[in-house]
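Q: Numbering (the working numbering), first residue to last: 166 to 384.
Below, the structure is given as structure tokens:
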């Protein structure tokens, strides 16, 4: 059974991301504040749930959450600031999008939410001084495997995963030869063989090793 809160604050938000290890597409982050009376025996880390269950949970989370937000950070920004910083920045952006300012934040992983604030970069959202100060002012705790321990992080993981999957299904129609509808941009054998045959697209992360050395592209 997942726990409701880590802190004693009522407005505690959980945040998580999906797609960090993909070769193509965005890294997608979500943040969720659940009501104190929220209960769901099915909700868990999105990686432990089937696609059917995730899709069933998505509208339940959206309907019952006090507030939630989802953010895509695209390959150009990932390539510029690196995937770890992009993952964290996506969660930071989600916090800023929430309709209610949280009193406490729990983050899946081992990195504090207010790390690497205000990175200088060309692509994506640039934080204002006021936004940076707001993010710094909210206490937060990183929790390893938090998506399998706390309801709000698990809810964020489900939203991040479902929204990202929807995005990958959409761009699959533009580049069906990579079969993103199935692999969602992850480095499957089929995906890498398509990259070798057709080359990378605007949705591929060029800072990632798209192919093993023995299959290296001549770009």
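Just so you know, even glycine gets a beta-carbon here, dropped at the ideal spot from N, CA and C.
Would you mind reading off the limits of the alpha helix (DSSP H) that contains residue 309?
A: Unbroken run through residue 309: none, as it is neither H nor E.
Q: Suppose you measure from the CA of residue 164 to the CA of residue 227; what does that come to, to the nearest Å?
A: No information on residue 164 is available, as it lies outside the stretch 166 to 384 that the chain covers here.
Q: Label residue 384 either buried or exposed according to how many other C-beta atoms from any shown protein chain fall within 10 Å of its C-beta, with 16 as the threshold for buried.
A: The pLDDT assigned to residue 384 is 48, lower than 50, so where the model puts this residue is not dependable, and the model offers no usable value.
Q: When the distance is taken between beta carbons, is residue 320 closer than 8 Å to residue 252?
A: No. Outside cutoff.
Q: Take residue 256 as the anchor and find which of 171, 355, 167 and 179 has the nearest alpha-carbon.
A: Checked all of 171, 355, 167 and 179; the closest Cα to residue 256 is 179.
Q: Is residue 211 buried or exposed, if buried means 16 or more other CB atoms sit within 10 Å of its CB?
A: Result: buried.
Q: Using a Cβ distance threshold of 8 Å, determine whether the segment 282-301 contacts the segment 228-243, with at least three qualifying pairs required.
A: Segments in contact, yes.
Q: Leaving out five residues on either side along the sequence, give the residues of the same chain with a beta carbon under 8 Å from the beta carbon of residue 286.
A: Around residue 286: 242, 245 and 246.
Q: Measure how close the beta-carbons of residue 265 and residue 308 come, nearest whole angstrom, since I'm counting them as under 8 Å.
A: Going by Cβ atoms, the distance from residue 265 to residue 308 rounds to 21 Å, so no, they are not a contact pair.
Q: Assuming contact is defined by CB atoms lying nearer than 8 Å, are residue 267 and residue 318 in contact in what I supplied?
A: No, they are not a contact pair.
Q: Compare the Cα-Cα distances from residue 269 to each of 280, 350 and 300 and report the closest residue.
A: Closest option to residue 269, Cα to Cα, is 300.
Q: Under a Cβ-count criterion, where at least 16 other Cβ atoms within 10 Å of its own Cβ denotes burial, should residue 334 be classed as buried or exposed?
A: Exposed is the call here.
Q: State the start and end residues of the unbroken alpha helix (DSSP H) segment that holds residue 330.
A: Taken as a continuous stretch (DSSP letters only), the alpha helix (DSSP H) holding residue 330 covers 316-337.
Q: Pick out the complete alpha helix (DSSP H) segments inside the segment 180-251, 4 residues or longer, and give them in chain order.
A: Whole alpha helix (DSSP H) segments, 4+ residues: 216-229 and 240-246.
Q: Look at the alpha carbon of residue 373 and the alpha carbon of residue 347, and state the distance between them as a whole number of angstroms.
A: Cα-Cα distance, rounded: 20 Å.
Q: Please go through the same chain and pick out, in chain order, the residues whose beta-carbon is closer than 7 Å to the beta-carbon of residue 365, but skip the five residues on each side of it.
A: 371 and 375.
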